[in-house]
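Participant:
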Ligand code: SF4
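Numbering (our numbering), first residue to last: 14 to 572.
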């Protein structure tokens, strides 16, 4: 038995599950990618993985039976699953060619042969060699494998040399060792591999390296663009969402129907008295499409999701954050919120608001060194009063609404004027999106740092919404009123409350979604990205800070 075999058969290795050969490919490509994918359970899709999945679908279905090693049979088997406790690995082999005692694994890959000696990159060679080792352990003679490149329709032989075998065994040991670590290896620095990496938006190599001073240059714009899927809002009372074949069908009360493909839906927002059938909910959750329920006024009621990601370390750190850590994160969020409120006032006021600007600057400075969460709450409340007292200065005087009582300072539960009705609704939409993004990243959306997780409030979503309330929420409100998009007919008075009509909610949602599509330049990283992407990026930065990859959370402040 070789040293490698001894190490792999060490009973201590039994603690880890068997390592899939595909993960070994990832490890050789980039140890961090391997860790994020296998240990943390992150996954994403890009053009390469989608194409790769299509190719594998053709050979994934098991077909044929592997002959006994001494049967002297020539045969081809597809989708053969092999595992070895001794090697510590398992694999599903796309195709195996048997010639009597000899066996030859064939692995299907997208694309063309690599422009390197041997015409196959090391990660693919190692993955194939694992398959060879598994076949050998099953009793076959194996001296080479084949990589079949689908685009080129070409078979490239890979000899299982002593050098490749040693590289493979060492990679298995190193990968299993890396999997035991409590944190991932650091990102590669300036690597061209990141350009094609499926987890680049999770890993954030250039962003993290910049903040850790491991690179000086501005980050490349590597994070992926917004996925094409968009939220599906069910607004009209009595609307039913049901599943029909591969589609979802939205059926309002009037009997008309709209068919939507599952891949076009990022999440479903059920507002007020609408319903989803059980098969529709099953299908949505199975495809990791969250469903959020809001009251008619926009209050966040709850959310249903599929299983949370494997990112258990993050949730542990979230629950176990110390008082000092909670205070530090909260300070960053509140300072950014106040500074963003100040920027909004500075940019949009029609009249002089110098006193408010000075008071907000003072509040931000005090928030930066607040000694406790309670003090911070007081400062945040004071800043909100200053800001909303001056808020009217950002609204057109000749606003096309009949009532003179357009805005009487911030009020809620219930909102008592049109602007407060829209502010409350838009803030709920923002918290809804933060809750979904928090879940996607691996957080518990309910466990906050600044907001207590009480009374069913999604504390973390509320926390993370703070720095974006002025930039997204208030900006939408100003656009809707100052451009005359909302008129008197979009509101109804119910007792002391003012509520948006159904059409008013529609207009508000459209404006809100437009705002999420708006691009903004990131003040630290320098590239442009949509607000929708930014919400996700900030949560990932918070995750990196909590998991110790960054020394602090950097909240988003616009200039
Ligand atoms: S983005 Fe780069 S550093 Fe990060 S996991 Fe991918 S290859 Fe590795």
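Think of the CB as a built atom: it goes at the ideal place given N, C-alpha and C, for glycine as much as any other residue.
(1) Can you tell me which of the three DSSP states residue 51 falls into?
(2) What three-state label does DSSP hand residue 420 in the structure shown?
(3) Looking at residue 149 and residue 155, is the spacing between their C-beta atoms short of 8 Å?
(4) Run through the DSSP bridge pairs and tell me what residue 512 is partnered with.
(5) Closer than 7 Å by C-beta to residue 486: which residues in its own chain qualify, once you throw out the five before and the five after it? Chain order, please.
(6) Using CA coordinates, which residue listed in 525, 136 and 463 is at the minimum distance from residue 243?
(7) From which residue to which residue does the alpha helix (DSSP H) around residue 136 run?
(8) Let me confirm a value: residue 218 is counted as buried when at least 16 other C-beta atoms fall within 10 Å, else exposed. Which label applies?
(9) Buried or exposed: residue 183, going by 16 or more other Cβ atoms within 10 Å of its Cβ?
(10) With a threshold of 7 Å (Cβ to nearest heavy atom), would residue 196 be considered close to the ligand SF4?
(11) Among residues of its own chain, excluding the 5 on either side of residue 352, which ones have a beta-carbon nearer than 6 Å to its beta-carbon?
(12) Kindly list the residues whose CB is nearer than 6 Å to the CB of residue 110, restricted to its own chain and excluding five residues on each side of it in sequence; keep chain order.
(13) Between residue 102 and the rest of its own chain, which residues show a CB-CB distance below 8 Å, the 5 nearest in sequence each way excluded?
(14) Distance check for residue 189 and residue 51, CA to CA, integer angstroms please.
(15) Just how far apart, CA to CA, sit residue 560 and residue 330?
(16) Take residue 139 as the anchor and find which of 115, 180 and 107 has the nearest alpha-carbon.
(17) Just to confirm my understanding: we take residue 290, look at its own chain, exclude 5 residues before and 5 after, and list those with CB closer than 6 Å. What are they?
(18) Please return the same chain residues whose Cβ sits closer than 6 Å to the Cβ of residue 202, not counting the five positions on each side in sequence.
(19) For residue 246, which residues of its own chain have a beta-carbon under 7 Å away from its beta-carbon, when the five flanking residues on both sides are left out?
(20) Going residue by residue through the stretch 196-240, where are the continuous alpha helix (DSSP H) segments of at least 4 residues, counting only ones entirely within it?
(21) Quick check on residue 514: buried or exposed, where buried means 16 or more other Cβ atoms within 10 Å of its Cβ?
(22) Express the C-alpha separation of residue 549 and residue 431 in angstroms, rounding to a whole number.
(23) Return the residue from the list 306, 334, 454 and 301 that minimises the CA-CA distance to residue 320.
(24) According to DSSP, which residues form a beta bridge with residue 120?
(25) What are the boundary residues of the alpha helix (DSSP H) that residue 343 is part of?
(26) Return yes when the C-beta of residue 563 is under 7 Å from any heavy atom of the ligand SF4, and no when it is not.
(27) Give the DSSP-derived three-state secondary structure of residue 278 in the structure shown.
(28) What number of angstroms, rounded off, separates the C-alpha of residue 473 from the C-alpha of residue 516?
(29) Classify residue 387 as buried or exposed, calling it buried when 16 or more other Cβ atoms lie within 10 Å of its own Cβ.
(30) When burial is assigned at 16 or more other CB atoms within 10 Å of the CB, is residue 120 buried or exposed?
(31) What is the DSSP secondary structure of residue 264, counted as helix, strand or coil?
(32) So which of 208, 491, 106 and 234 has the shortest CA-CA distance to residue 543?
(33) Starting from the C-beta of residue 74, find all residues in its chain whose C-beta is less than 8 Å away, skip the five residues before and the five after it, and write them out in chain order.
(34) Apart from the five residues just before and just after residue 396, which ones in its own chain have a Cβ nearer than 7 Å to its Cβ?
(35) Would DSSP call residue 88 helix, strand or coil?
(36) What are the residues that DSSP puts in a beta bridge with residue 273?
Facilitator: Quick look at the numbers:
(1) Your numbering for residue 51 matches position 38 in the chain shown. In this structure, residue 51 counts as helix in the three-state DSSP scheme.
(2) In the chain shown, counting from the first residue as 1, residue 420 sits at position 407. Note: residue 420 maps to coil in three-state DSSP.
(3) On the chain shown, position 142 is the one that residue 155 refers to. On the chain shown, position 136 is the one that residue 149 refers to. Yes, the Cβ-Cβ distance between residue 155 and residue 149 is below 8 Å.
(4) The sequence position of residue 512 within the chain shown is 499, counting from 1. Bridge partners of residue 512: 505.
(5) Counting from one through the chain shown, the residue named residue 486 turns up at place 473. Same-chain partners within the cutoff: 436, 439, 440 and 443.
(6) As a working note, residue 243 is residue 230 in the chain shown. Nearest of 525, 136 and 463 to residue 243, Cα basis: 525.
(7) Indexing the chain shown from 1 puts residue 136 at position 123. Here the alpha helix (DSSP H) through residue 136 covers 135-150.
(8) Here the question's residue 218 lines up with position 205 in the chain shown. Label assigned to residue 218: buried.
(9) The residue labelled residue 183 in the question sits at position 170 within the chain shown. It is exposed - the Cβ of residue 183 has fewer than 16 other Cβ atoms within 10 Å.
(10) Looking up residue 196 in the chain shown gives position 183. No.
(11) As a first step, residue 352 must be located in the chain shown, where it is residue number 339. For residue 352, where only same-chain residues beyond five positions count, the Cβ hits under 6 Å are 377 and 570.
(12) In the chain shown, residue 110 corresponds to position 97, counting from 1. Correct list, in chain order: 89 and 117.
(13) For the purposes of this step, residue 102 is taken as residue 89 along the chain shown, with counting starting at 1. The residues are 31, 32, 33, 34, 37, 96, 143, 146, 147 and 185.
(14) Position 38 of the chain shown, counted from the start, is the residue given in the question as residue 51. Position 176 of the chain shown, counted from the start, is the residue given in the question as residue 189. Their Cα atoms are separated by approximately 11 Å.
(15) Translated into positions along the chain shown, residue 560 becomes position 547. Translated into positions along the chain shown, residue 330 becomes position 317. Roughly 7 Å separates the two Cα atoms.
(16) By one-based count along the chain shown, residue 139 stands at place 126. Comparing Cα positions, the closest option is 180.
(17) Here residue 290 corresponds to residue number 277 of the chain shown, with the count starting at 1. Here the set comprises 255.
(18) In the chain shown, the residue the question calls residue 202 occupies position 189. The residues are 222, 227 and 228.
(19) Indexing the chain shown from 1 puts residue 246 at position 233. Same-chain partners within the cutoff: 282, 284 and 522.
(20) 213-216 and 218-224
(21) On the chain shown, residue 514 is found 501 positions in, with the first residue counted as 1. The residue in question, residue 514, is exposed, as its Cβ has fewer than 16 Cβ neighbours within 10 Å.
(22) Against the chain shown, residue 431 aligns to sequence position 418. Against the chain shown, residue 549 aligns to sequence position 536. So the two alpha carbons sit approximately 30 Å from each other.
(23) As a working mapping, residue 320 is identified with position 307 in the chain shown. Comparing Cα-Cα distances from residue 320 to each of 306, 334, 454 and 301, the minimum goes to 301.
(24) The residue you call residue 120 lines up with position 107 of the chain shown. Bridge partners of residue 120: 160.
(25) If you number the chain shown from 1, residue 343 lands on position 330. Here the alpha helix (DSSP H) through residue 343 covers 336-361.
(26) Residue mapping note: residue 563 aligns to position 550 of the chain shown, counting from 1. No, Cβ of residue 563 sits at least 7 Å from all heavy atoms of the ligand SF4.
(27) Here residue 278 corresponds to residue number 265 of the chain shown, with the count starting at 1. Looking at residue 278 - three-state DSSP - the assignment turns out to be strand.
(28) Residue 473 sits at position 460 when you count from the first residue of the chain shown. Residue 516 sits at position 503 when you count from the first residue of the chain shown. Their Cα atoms are separated by approximately 31 Å.
(29) On the chain shown, position 374 is the one that residue 387 refers to. Residue 387 should be labelled exposed.
(30) As a working mapping, residue 120 is identified with position 107 in the chain shown. The residue is buried, with at least 16 neighbouring Cβ atoms inside 10 Å.
(31) Walking along the chain shown from the start, residue 264 turns up at place 251. Correct three-state label for residue 264: strand.
(32) Taking the first residue of the chain shown as 1, we reach residue 543 at position 530. Checking every option, the nearest Cα to that of residue 543 belongs to 234.
(33) The residue given as residue 74 occupies position 61 in the chain shown. Taken in chain order, the residues that qualify are 91 and 92.
(34) Your numbering for residue 396 matches position 383 in the chain shown. Once the five neighbours on either side are set aside, the close Cβ partners of residue 396 are 351, 354, 373 and 376.
(35) Along the chain shown, one-based indexing puts residue 88 at 75. DSSP places residue 88 in strand when its eight states are reduced to three.
(36) The residue you call residue 273 lines up with position 260 of the chain shown. In the DSSP output, where bridge partners are listed per residue, residue 273 has 261.
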